[in-house]
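Peer 1:
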Amino acid sequence: ETGVTQTPRHLVMGMTNKKSLKCEQHLGHNAMYWYKQSAKKPLELMFVYSLEERVENNSVPSRFSPECPNSSHLFLHLHTLQPEDSALYLCASGDTGDWDSALHFGNGTRLTVT
Amino acid sequence: AQKITQTQPGMFVQEKEAVTLDCTYDTSDPSYGLFWYKQPSSGEMIFLIYQGSYDQQNATEGRYSLNFQKARKSANLVISASQLGDSAMYFCAISPGTNTGNQFYFGTGTSLTVIP
Chain C
2 ETGVTQTPRH LVMGMTNKKS LKCEQHLGHN AMYWYKQSAK KPLELMFVYS LEERVENNSV
62 PSRFSPECPN SSHLFLHLHT LQPEDSALYL CASGDTGDWD SALHFGNGTR LTVT
Chain G
35 AQKITQTQPG MFVQEKEAVT LDCTYDTSDP SYGLFWYKQP SSGEMIFLIY QGSYDQQNAT
95 EGRYSLNFQK ARKSANLVIS ASQLGDSAMY FCAISPGTNT GNQFYFGTGT SLTVIP
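Residue numbers (the numbering used here), protein chains in the order written: chain C, 2 to 115; chain G, 35 to 150.
1) Identify the contact partners of Pro43 (chain C) in chain G, using a Cβ-Cβ distance below 7 Å as the criterion.
2) If I'm right that Thr81 (chain C) touches Thr17 (chain C) with Cβ under 8 Å, what's the distance once you round it to whole angstroms?
3) Per DSSP, Pro67 (chain C) forms a beta bridge with which residues?
4) Going by CA-CA distance only, name the one from C:Leu89, C:Gln83, C:Val114 and C:Asp96 that's closest to Ala40 (chain C).
5) So does Tyr139 (chain G) have its beta carbon nearer than 6 Å to some heavy atom of the ligand GTP?
6) Between which two residues does the beta strand (DSSP E) containing Thr97 (chain C) stretch?
7) What residues of chain C sit near Gly67 (chain G), judged by a beta carbon separation below 9 Å?
8) Closest to Ser63 (chain C) by C-alpha separation, out of C:Phe48, C:Val56 and C:Tyr34, would be which residue?
9) Does DSSP put Asp63 (chain G) in a helix, in a strand, or in coil?
10) Taking just the CA atoms, how far does Leu111 (chain G) sit from Leu77 (chain C)?
11) So, are the CB atoms of Met123 (chain G) and Ser99 (chain G) less than 7 Å apart?
12) Leu118 (chain G): buried (16+ other C-beta within 10 angstroms of its C-beta) or exposed?
13) Roughly how many angstroms separate the alpha carbons of Lys37 (chain C) and Tyr71 (chain G), rounded to a whole number?
14) On a CA-only basis, which of C:Thr113, C:Asn108 and C:Ala103 is nearest Leu91 (chain C)? Give me that one, please.
15) For the segment 6-62 of chain C, list the beta strand (DSSP E) runs that are entirely contained and at least 3 residues long, ordered along the chain.
16) Can you check which of these residues, G:Cys126, G:Gly131, G:Pro150 and G:Val148, is closest to Thr15 (chain G) by C-alpha distance?
17) According to DSSP, what are the bridge partners of Lys72 (chain G)?
18) Using 10 angstroms around the beta-carbon of Leu27 (chain C), count the other beta-carbons present and answer buried if the total reaches 16, otherwise exposed.
19) Taking just the CA atoms, how far does Ser51 (chain C) sit from Thr97 (chain C)?
20) Verify the CB distance criterion: does Leu89 (chain C) have a CB-CB separation below 7 Å to chain G?
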């Protein structure tokens, strides 16, 4: 399998549920990212992991908890979400320190919080 | 601070015609990369083309070309010979050379519809 793979593609959860999003990259990159995409808004960077260490956390609520066990895998743990958290969550991988290197994205997880 | 502006929320183009999608940017970094992505309704962000701030020539990639005007801080995407499969959202992004974590800043996107 190649590229960046995200599971699940779709997720519906209640506000009291706990769920996790999974991302896997097969490109040999040293950084992985979580982005949130809401309608009519620019992509919002949530978390960046470079060499498995978190380097950016753009004031994301604590109900979102990332985990990066190695350079190929990235998780986003979700708990007690709010309806406004419904969005498309995109995972990406890239090479830090190489600013002319494109990010490569997965297909995204479309999350609906009821 | 970095900023990407895409002023066209929606564009229409006749099949086989060319179309230009606008992108202006603002950065104080002397070196940076500019990127265009395509997002079909399936959701995946597909990398299309890259332009480095020091590149003398405009980037081209198949039917995609980038009209880079550094003094104007614009990086417009030109799609030639439009196809029905080009209908999608298109996002412009900048990656400043000095940022840690290779952070990308995206615009709000332009929705392109190709008319048969």
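Every residue, glycine too, gets a C-beta built ideally from N, C-alpha and C.
Peer 2: Taking the structure as given:
1) Locating residue 43 (chain C) in the first sequence gives position 42, where the first residue counts as 1. What Pro43 (chain C) touches in chain G: Phe140, Gly141 and Thr142.
2) Counted from its first residue, the first sequence places residue 81 (chain C) at position 80. Counted from its first residue, the first sequence places residue 17 (chain C) at position 16. Between Thr17 (chain C) and Thr81 (chain C) the Cβ distance is about 6 Å, and since that is below 8 Å, they are a contact.
3) Here the question's residue 67 (chain C) lines up with position 66 in the first sequence. As DSSP reads the structure, Pro67 (chain C) sits in a beta bridge with C:Leu77.
4) For the purposes of this step, residue 40 (chain C) is taken as the residue at position 39 of the first sequence. Of the candidates C:Leu89, C:Gln83, C:Val114 and C:Asp96, the one whose C-alpha sits nearest the C-alpha of Ala40 (chain C) is C:Leu89.
5) Of ligands this structure carries none, so the ligand GTP is not represented either.
6) The residue given as residue 97 (chain C) occupies position 96 in the first sequence. Per DSSP, Thr97 (chain C) belongs to no beta strand (DSSP E) and is neither H nor E.
7) Translated into positions along the second sequence, residue 67 (chain G) becomes position 33. Under the 9 Å cutoff, chain C gives Trp100, Asp101, Ser102 and Ala103.
8) Reading the first sequence from its first residue, position 62 is the one you call residue 63 (chain C). Selected option, being the one with the closest Cα: C:Phe48.
9) Start at 1 with the first residue of the second sequence, and residue 63 (chain G) comes out as number 29. The answer is coil: DSSP assigns Asp63 (chain G) none of H, G, I, E or B.
10) Here residue 77 (chain C) is taken as the residue at index 76 of the first sequence, counted from 1. Here residue 111 (chain G) is taken as the residue at index 77 of the second sequence, counted from 1. Roughly 33 Å separates the two Cα atoms.
11) What you label residue 123 (chain G) is simply residue 89 of the second sequence in a count that begins at 1. What you label residue 99 (chain G) is simply residue 65 of the second sequence in a count that begins at 1. In this structure, Met123 (chain G) lies away from Ser99 (chain G), with their beta-carbon atoms at least 7 Å apart.
12) Position 84 of the second sequence, counting from 1, holds the residue named residue 118 (chain G). The residue is exposed, with fewer than 16 neighbouring Cβ atoms inside 10 Å.
13) Residue 37 (chain C) sits at position 36 when you count from the first residue of the first sequence. Residue 71 (chain G) sits at position 37 when you count from the first residue of the second sequence. Straight through space, the alpha carbons of Tyr71 (chain G) and Lys37 (chain C) are spaced by roughly 16 Å.
14) Here residue 91 (chain C) refers to the residue found at position 90 when the first sequence is read from its first residue. Checked all of C:Thr113, C:Asn108 and C:Ala103; the closest Cα to Leu91 (chain C) is C:Asn108.
15) Within the segment 6-62 of chain C, the complete beta strand (DSSP E) runs of at least 3 residues are 11-14, 19-26, 32-38, 45-51 and 54-58.
16) What the structure shows of chain G is the stretch from 35 to 150, and residue 15 (chain G) is not part of that stretch, so it cannot be assessed.
17) Within the second sequence, numbered from 1, the residue matching residue 72 (chain G) stands at position 38. Looking at the DSSP output, Lys72 (chain G) bridges to G:Ile80 and G:Tyr124.
18) By one-based count along the first sequence, residue 27 (chain C) stands at place 26. In the sequence under discussion, the amino acid at residue 27 (chain C) is His, which differs from the Leu named in the question. It counts as exposed.
19) For this step, residue 97 (chain C) is matched to residue 96 along the first sequence. For this step, residue 51 (chain C) is matched to residue 50 along the first sequence. If I take the Cα positions, the gap works out to 7 Å.
20) In the first sequence, residue 89 (chain C) corresponds to position 88, counting from 1. Leu89 (chain C) counts as touching chain G.
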